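Enquirer: Below is the structure I would like to discuss, written out as structure tokens.
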Amino acid sequence: MTRDELLDLFRRSGALLEGHFRLTSGLHSSGYLQCALVLQHSAHAEALGRAIADRTRGLRPTAVLSPALGGVVIGHEVGRALGVRALFAERQDGELTLRRGFVIAENDRVLVVEDVLTTGGSTRETMQVARASGGQVVGAASIVNRSGGRAEFDVPFASLLDIDFPTYEPDKCPLCAQGLPVVKPGSRPVMP
Numbered sequence: 136m137t138r139d140e141l142l143d144l145f146r147r148s149g150a151l152l153e154g155h156f157r158l159t160s161g162l163h164s165s166g167y168l169q170c171a172l173v174l175q176h177s178a179h180a181e182a183l184g185r186a187i188a189d190r191t192r193g194l195r196p197t198a199v200l201s202p203a204l205g206g207v208v209i210g211h212e213v214g215r216a217l218g219v220r221a222l223f224a225e226r227q228d229g230e231l232t233l234r235r236g237f238v239i240a241e242n243d244r245v246l247v248v249e250d251v252l253t254t255g256g257s258t259r260e261t262m263q264v265a266r267a268s269g270g271q272v273v274g275a276a277s278i279v280n281r282s283g284g285r286a287e288f289d290v291p292f293a294s295l296l297d298i299d300f301p302t303y304e305p306d307k308c309p310l311c312a313q314g315l316p317v318v319k320p321g322s323r324p325v326m327p
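Going by this note's numbering, the sequence shown opens with residue 136, and the numbers climb by one from there.
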């Protein structure tokens with residue numbers, strides 16, 4: 136998929152939003168990509184999962200691990216395209232952890248997959264869950280990378296769409312200064 140095809144897919148799905156948004160990281164932004172609106176269509180989810188799998192297959196993962204909630208659908212689709220298990224980590228008492236009987240073995244080569252990467256915090260936290268369980272993290276991937284190159288990892292990283300919407304600290308946000316109401320469109324509580 137090309138950049139233009141991906142952006143068109145987001146537009147057609149109503150997933151490319153413009154306004155004043157509070158991101159999970161706590162930062163504010165004028166743009167937001169709501170991947171859930173794209174992933175609700177199984178054909179789109181399958182195609183995006185295949186595209187990420189094609190870019191990461193050479194890492195030879197044996198498991199895909201995603202942070203819940205945003206990464207669950209795309210993680211499953213990447214796992215399916217790679218023919219490997221797809222697990223997710225979820226919050227318990229504020230920390231990501233493996234639950235529901237999920238196990239990562241010491242010989243597992245883990246690919247961390249999520250929907251949108253902004254600061255890389257969720258990806259790093261998910262990588263730590265895999266490592267704490269004994270797995271070897273071999274790479275990370277996302278549908279969208281909106282970090283502007285600021286998020287770096289100690290493993291290879293792949294994304295289908297790099298887009299750099301401006302982000303602002305809340306106390307320096309020009310949208311707040313204009314008095315525009317802020318919206319929290321994501322599924323996770325805002326970090327303090």
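All C-beta atoms, glycine included, are put in the ideal place defined by N, C-alpha and C.
None of the values given here were measured: they were computed from a predicted structure.
Spatial neighbours of Pro327 within its chain, please: C-beta separation below 8 Å, excluding the five flanking residues on both sides.
Expert: Here residue 327 corresponds to residue number 192 of the sequence shown, with the count starting at 1. The pLDDT assigned to Pro327 is 43, lower than 50, so where the model puts this residue is not dependable; a value taken from the coordinates is nonetheless given after this. For Pro327, where only same-chain residues beyond five positions count, the Cβ hits under 8 Å are Gly161.
Enquirer: Check the C-beta distance from Asp243 over to Thr302 and give it rounded, since I have them as a contact under 8 Å.
Expert: Residue mapping note: residue 243 aligns to position 108 of the sequence shown, counting from 1. Residue mapping note: residue 302 aligns to position 167 of the sequence shown, counting from 1. Actually they do not touch by this definition, with Cβ atoms about 34 Å apart.
Enquirer: DSSP puts Arg244 in a beta bridge; with which residues?
Expert: Translated into the one-based positions of the sequence shown, residue 244 becomes position 109. Answer is Gln271, bridged to Arg244.
Enquirer: Per the DSSP calculation, Leu301 is bridged to which residue(s)?
Expert: Working through the sequence shown from its first residue, we reach residue 301 at position 166. For the sequence presented, residue 301 should be read as Pro rather than Leu. The partner list for Pro301 (beta bridge, DSSP) is empty, contrary to what the question assumes.
Enquirer: Val279 and His155 look like a contact to me (Cβ under 8 Å); what is the Cβ gap, rounded to whole Å?
Expert: Position 144 of the sequence shown, counting from 1, holds the residue named residue 279. Position 20 of the sequence shown, counting from 1, holds the residue named residue 155. Rounded, the Cβ-Cβ distance is 19 Å, inconsistent with contact.
Enquirer: Shortest alpha-carbon distance to Gly229 belongs to which of Ala240, Gly218, Pro202 and Val247?
Expert: The sequence position of residue 229 within the sequence shown is 94, counting from 1. Nearest of Ala240, Gly218, Pro202 and Val247 to Gly229, Cα basis: Pro202.
Enquirer: Name the residue from Gly206, Thr191, Arg234 and Phe237 whose alpha carbon lies nearest to the alpha carbon of Gly218.
Expert: Indexing the sequence shown from 1 puts residue 218 at position 83. Measuring from the Cα of Gly218, the nearest candidate turns out to be Thr191.
Enquirer: Between the beta-carbon of Leu246 and the beta-carbon of Ala286, is there less than 7 Å?
Expert: In the sequence shown, residue 246 corresponds to position 111, counting from 1. In the sequence shown, residue 286 corresponds to position 151, counting from 1. No, Cβ-Cβ distance for Leu246 and Ala286 is not below 7 Å.
Enquirer: Please classify Ser369: is it buried, with 16 or more other beta-carbons within 10 angstroms of its beta-carbon, or exposed?
Expert: Residue 369 cannot be examined here, being either before or after the span of the chain that is shown, 136 to 327.
Enquirer: If you drop the 5 nearest sequence neighbours on each side, which residues of the same chain put their C-beta closer than 7 Å to that of Gln313?
Expert: Position 178 of the sequence shown, counted from the start, is the residue given in the question as residue 313. For Gln313, where only same-chain residues beyond five positions count, there are no Cβ hits under 7 Å.
Enquirer: Can you tell me the Cβ-Cβ gap for Glu181 and Glu212, rounded? I've got them flagged as a contact below 8 Å.
Expert: Within the sequence shown, numbered from 1, the residue matching residue 181 stands at position 46. Within the sequence shown, numbered from 1, the residue matching residue 212 stands at position 77. With a Cβ gap of about 6 Å, Glu181 and Glu212 count as contacting.
Enquirer: With a threshold of 7 Å between beta carbons, is Phe223 in contact with chain D?
Expert: Any reference to chain D falls outside this structure, which holds one protein chain only.
Enquirer: Using CA coordinates, which residue listed in Val199, Gly184 and Phe237 is at the minimum distance from Leu295?
Expert: Translated into positions along the sequence shown, residue 295 becomes position 160. Ranking Val199, Gly184 and Phe237 by Cα distance to Leu295 puts Gly184 first.
Enquirer: In the DSSP assignment, what residue or residues form a beta bridge with Ala178?
Expert: Mapped onto the sequence shown, residue 178 falls at position 43. None, per the DSSP bridge assignment.
Enquirer: Suppose contacts are defined by Cβ-Cβ distances below 7 Å. Is Gly206 in contact with Val248 by that definition?
Expert: Position 71 of the sequence shown, counting from 1, holds the residue named residue 206. Position 113 of the sequence shown, counting from 1, holds the residue named residue 248. Yes, the pair counts as a contact, with Cβ atoms nearer than the cut-off.
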